[in-house]
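Peer 1: I'd like to ask you about the structure that follows.
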Amino acid sequence: MFIVSYPELVIAQCKAGIIGSFPALNARPAHMLEEWLERITRELAEHDRQHPDRPSAPFAVNQIVHKTNDRLHHDMEVCVKYKVPLVITSLGAQPEINDAVHSYGGLVMHDVINQKFAHKAIEKGADGLILVAAGAGGHAGRQSPFALMQET
1434 MFIVSYPELV
1444 IAQCKAGIIG
1454 SFPALNARPA
1464 HMLEEWLERI
1474 TRELAEHDRQ
1484 HPDRPSAPFA
1494 VNQIVHKTND
1504 RLHHDMEVCV
1514 KYKVPLVITS
1524 LGAQPEINDA
1534 VHSYGGLVMH
1544 DVINQKFAHK
1554 AIEKGADGLI
1564 LVAAGAGGHA
1574 GRQSPFALMQ
1584 ET
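First residue of the sequence shown: 1434, per the numbering used here; consecutive thereafter.
Right, dumping it as structure tokens:
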């Protein structure tokens, strides 16, 4: 969730057993992303050591891969350094992003609004799709969730 997702929320979500996520661009200025990822990985690792019977869920970082994101290269280097388990990409599928995440065993989920973009994302190496339907706050989806699911 743009602007409102911070490490505290992500950590709480993961400890509760659901995937916690945040957009990389929420970490402002850019150098804050490393601080956030260090904190998230440290606190979740500590939780997992203390609670081996109920380990935390993985976390995700959302990357806007559009050419207007001048932080993408920096932010991806930091994500690779901290081996972010799940990277969500949107506004363009890029094989080099997928390859970087796959290099350490991470997974890439790509936001898509229709079948055409779904095929492109899979062809470029995404591991899965996030179907963005009409009503998805701030996104471009035009179809109902039922129609988009059926089409894809």
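Just so it is clear, CB atoms sit at the ideal spot from N, CA and C, and this is done for glycine as well.
Check whether the Cβ of residue 1569 lies closer than 8 angstroms to any Cβ atom in chain B.
Peer 2: The structure shown contains no chain B; it holds only a single protein chain.
Peer 1: Hey, how far is the Cα of residue 1471 from the Cα of residue 1488?
Peer 2: 18 angstroms
Peer 1: Do residue 1561 and residue 1542 count as a contact pair if the criterion is CB distance below 8 angstroms?
Peer 2: yes
Peer 1: Just the Cα atoms here: how many angstroms apart are residue 1447 and residue 1496?
Peer 2: 19 angstroms
Peer 1: Measuring straight from C-alpha to C-alpha, what distance separates residue 1491 and residue 1468?
Peer 2: 18 angstroms
Peer 1: Specify, as a first and last residue, the run of the alpha helix (DSSP H) that residue 1444 falls within.
Peer 2: 1440 to 1448
Peer 1: Report the option in 1539, 1578 and 1516 whose CA atom is closest to the CA atom of residue 1475.
Peer 2: Checked all of 1539, 1578 and 1516; the closest Cα to residue 1475 is 1516.
Peer 1: My understanding is that residue 1499 touches residue 1466, with C-beta atoms under 8 angstroms, so please give their C-beta distance in whole angstroms.
Peer 2: That belief does not hold up - the Cβ atoms of residue 1499 and residue 1466 are roughly 18 angstroms apart, past 8 angstroms.
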